[in-house]
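Per the numbering used here, residue 6 is the first one in the sequence shown, and the count goes up by one each step. Written out below as structure tokens is the structure these notes cover.
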Amino acid sequence: MERRIKLLYIITIVAILAFLGMQAYWLYGRYEFSLSEYDSYASAKIVEAVDNLGKLGKNRRVNWAEKDGEELAHRSNYNINHHTDSAGRKRITATIRSQKYFAHKLLGITERRELTPEESQRAALMVLENETLAETRRQSYDASNAPSDAAVWGAFERSEAEFLAPLTTGMVDSVLRMHGLDADIRLVVTDTMMWQPSVIHHASAVSPTTVISVPYSELECKSVVVTCHIPVSKIFHDMTGTLVVVALLSLFLIICLILQFATILKLSRLDRMRNSFITTMIHELKRPISTFKMCVSGLENKRMMEDRAVRKELLSETRNALDNLSAYFSRLRDITFNDVEQIPLNIRDVNLHELFESVAGATAVPSGKAVVIKNEIAPAVEVSADRTHLYNVVSNLVENAVKYSGPSVEITAEAAVDGANVVLRISDTGNGISPADLRHIFKRFYRGQASGGDQPGMGLGLAYARLLVEAHGGDISVASKEGEGTCFTIRLPQ
Numbered sequence: 006m007e008r009r010i011k012l013l014y015i016i017t018i019v020a021i022l023a024f025l026g027m028q029a030y031w032l033y034g035r036y037e038f039s040l041s042e043y044d045s046y047a048s049a050k051i052v053e054a055v056d057n058l059g060k061l062g063k064n065r066r067v068n069w070a071e072k073d074g075e076e077l078a079h080r081s082n083y084n085i086n087h088h089t090d091s092a093g094r095k096r097i098t099a100t101i102r103s104q105k106y107f108a109h110k111l112l113g114i115t116e117r118r119e120l121t122p123e124e125s126q127r128a129a130l131m132v133l134e135n136e137t138l139a140e141t142r143r144q145s146y147d148a149s150n151a152p153s154d155a156a157v158w159g160a161f162e163r164s165e166a167e168f169l170a171p172l173t174t175g176m177v178d179s180v181l182r183m184h185g186l187d188a189d190i191r192l193v194v195t196d197t198m199m200w201q202p203s204v205i206h207h208a209s210a211v212s213p214t215t216v217i218s219v220p221y222s223e224l225e226c227k228s229v230v231v232t233c234h235i236p237v238s239k240i241f242h243d244m245t246g247t248l249v250v251v252a253l254l255s256l257f258l259i260i261c262l263i264l265q266f267a268t269i270l271k272l273s274r275l276d277r278m279r280n281s282f283i284t285t286m287i288h289e290l291k292r293p294i295s296t297f298k299m300c301v302s303g304l305e306n307k308r309m310m311e312d313r314a315v316r317k318e319l320l321s322e323t324r325n326a327l328d329n330l331s332a333y334f335s336r337l338r339d340i341t342f343n344d345v346e347q348i349p350l351n352i353r354d355v356n357l358h359e360l361f362e363s364v365a366g367a368t369a370v371p372s373g374k375a376v377v378i379k380n381e382i383a384p385a386v387e388v389s390a391d392r393t394h395l396y397n398v399v400s401n402l403v404e405n406a407v408k409y410s411g412p413s414v415e416i417t418a419e420a421a422v423d424g425a426n427v428v429l430r431i432s433d434t435g436n437g438i439s440p441a442d443l444r445h446i447f448k449r450f451y452r453g454q455a456s457g458g459d460q461p462g463m464g465l466g467l468a469y470a471r472l473l474v475e476a477h478g479g480d481i482s483v484a485s486k487e488g489e490g491t492c493f494t495i496r497l498p499q
């Protein structure tokens, strides 16, 4: 049975650890999925932000305070040329010609105001007649790796936007912060044209970051590289519901496993107590049965029966054996009562000094053990109680003091009247009771560490004593220190 319990204990621990491992693995997968979702969200917002900034760049006008209030104007021409190089490979050349100029300066207007349509047209004609009046850019690019002509036309527009109003990290950062994204931003020029955004997903689960590269001027190989820091706290906040459900479910299942194992341990303990009960009952019944057999054998011996003293001794031994057997069955009966009021009591005045003397005289002392019993109860101290039950309580305490002690023990009984109560103290110099056992010694079938397996018993003695004391309306308490002894205090109402 013990081997099965140990095996079950190991299986229970393994099951709990395996379940926790599976839950941790599942939660990690859910956490990674949430990080991937945030990757996708951040990537989409960053691409959208760069694209919108490119569209705004075409219509952007330089602030008057930065350009002395002058209006920026521009003209652009785009051209795509498909041709074959000397090696016979198809090539695509994209040519862009852009001009930008300040119309206010050309027209000699110094006041800060918007130009009329006629003034804007006159400034444009001046540039057309004399190109040196404008800042001109003419650039050809090898766009052979472009996915389509439509992509090149879109690149023309973004290149023009960059020419008119260059993109800055501050512009990108302000837009991203509006979406709650914390990122490090860099503007880079690559070796080749990039036509699609690229995403490097997070590699670490502890400090996850996503790197997104978005081209904003493909023809000039310009890209914005955004390193987005994924907020782990936000991920966990979004997973709060899942974490709570998993924690509660895990706790519930673990508690079920623990309760299951505790129930099995309890059943095992009950099985041991049953075996101990049977063994103890056999031990307790052996003595009176042996006495009866001896007495019956004596009754068959005519010579012994003719001796009056022997006959009297046999009858006395038989009577004592019957009394002990009756008391034993009374204890078994009383301990089964759930309510102390069910225990029948024969209340009368009991002299505590005489009661303890009778207990001391009837106490069996094992051979080889020195037992000193001191009766320090005043002869006049009396209490209203059931003598038989009170005798059993005191006898149980004295027997325990003798049983759980070393080679020698001193047992002392004291009593005093305390107001409306009589206080009886029985102390000994035995082994004492450990703090772990002290909290449980009055429980039914509980046997402390000191009892071990050397002493017979069912763990009912002190539970029976408390039951009888409470049936009298009193209480029993204990104070003990290991290695020094124990003192039981019984308080009974007068």
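Using N, Cα and C, we set each Cβ at its ideal position, and we do this for glycine too. Nothing here was measured: the structure is a model prediction, and the numbers come from that model.
Cα atoms of Gly185 and Ile235: separation of roughly 11 Å, rounded to the nearest angstrom. Contact check for Arg163 and Tyr221: beta-carbon distance about 6 Å, within the 8 Å limit, so the pair qualifies. Shown here, Val414 sits in a strand according to DSSP, grouped into three states. For the options Gly411, Ile18, Ser41 and Arg35, the alpha carbon positioned closest to that of Gly490 is the one of Gly411. With fewer than 16 neighbouring CB atoms inside 10 Å of its own CB, Cys261 falls in the exposed class. Residue Val229 holds the alpha-carbon nearest to the alpha-carbon of Val219 among Val229, Ala210 and Glu225.
According to the DSSP secondary-structure assignment, Val388 is paired through a beta bridge with Val355.
Distance from the CA of Leu253 to the CA of Glu37, rounded to the nearest whole angstrom, comes to 22 Å. Contact between the region 113-130 and the region 188-195 is absent: fewer than 3 CB-CB pairs across the two stretches fall below 8 Å. Under a 10 Å Cβ-count criterion, Val370 is classified as exposed, with fewer than 16 other Cβ atoms of the shown protein chains found around its own Cβ. CA-CA distance, Pro152 to Ser209, rounds to 34 Å.
Short of 6 Å from the beta carbon of Arg316, and not among the five residues preceding or following it, lie these beta carbons of its own chain, in chain order: Met310. Our two residues, Thr173 and Lys110, have alpha carbons roughly 27 Å apart in a direct line. Among the bridge pairs identified by DSSP, Gln201 is matched with none.
The DSSP assignment places no complete beta strand (DSSP E) segment of no fewer than 3 residues inside the region 263-333. From the listed residues Ser91, Ala188, Val398 and Ser81, the smallest Cα separation to Ser335 is found for Val398. Here Asn84 carries a strand assignment [DSSP, helix/strand/coil]. Two segments are said to touch when three or more pairs of C-beta atoms, one from each, lie closer than 8 Å; by this definition the region 350-358 touches the region 375-390. Looking from the CA of Gly113, the closest CA among Ser372, Ile101, Ala188 and Ala128 belongs to Ala128. Per DSSP, Ile240 is one residue of the alpha helix (DSSP H) stretching across Val237 to Asp243.
DSSP places Ser179 inside the alpha helix (DSSP H), whose first and last residues are Thr174 to Met183. Shortest Cα-Cα distance from Ile217 to any of Pro293, Arg392 and Glu53 involves Glu53. Within the same chain, Cβ atoms closer than 8 Å to the Cβ of Lys50 are found at Leu181, His184 and Leu186, the five residues on either side in sequence being excluded. When DSSP states are grouped into helix, strand and coil, Asp442 belongs to the helix group.
In the three-state DSSP reduction, Gln126 falls in the helix class (H, G or I). For Asn82, the closest C-alpha among the options Gly303, Gly478 and Trp158 is that of Trp158. Residue state for Ser485 is assigned as strand, using DSSP reduced to three classes.
Secondary structure of Leu472 (DSSP, three-state): helix. Beta-bridge partners assigned by DSSP to Arg163: none are found. Here Val251 has Gln28 and Leu32 as same chain residues with Cβ atoms under 7 Å from its own Cβ, once five neighbours each way along the sequence are excluded.
DSSP places Ile16 in the helix class (H, G or I) of the three-state scheme.
In the three-state scheme derived from DSSP, where H, G and I count as helix and E and B as strand, His234 is classed as strand. Membership of Leu112 in the alpha helix (DSSP H) is indicated by the continuous run Ala108 to Leu112. A distance below 8 Å between beta-carbons, with the five flanking residues on each side excluded, links Leu330 to the following residues of its chain, in chain order: Leu290 and Pro293. In the structure shown, the three-state DSSP call for Glu37 is helix. Leu429 sits away from Ile352, with the two beta carbons spaced by 8 Å or more.
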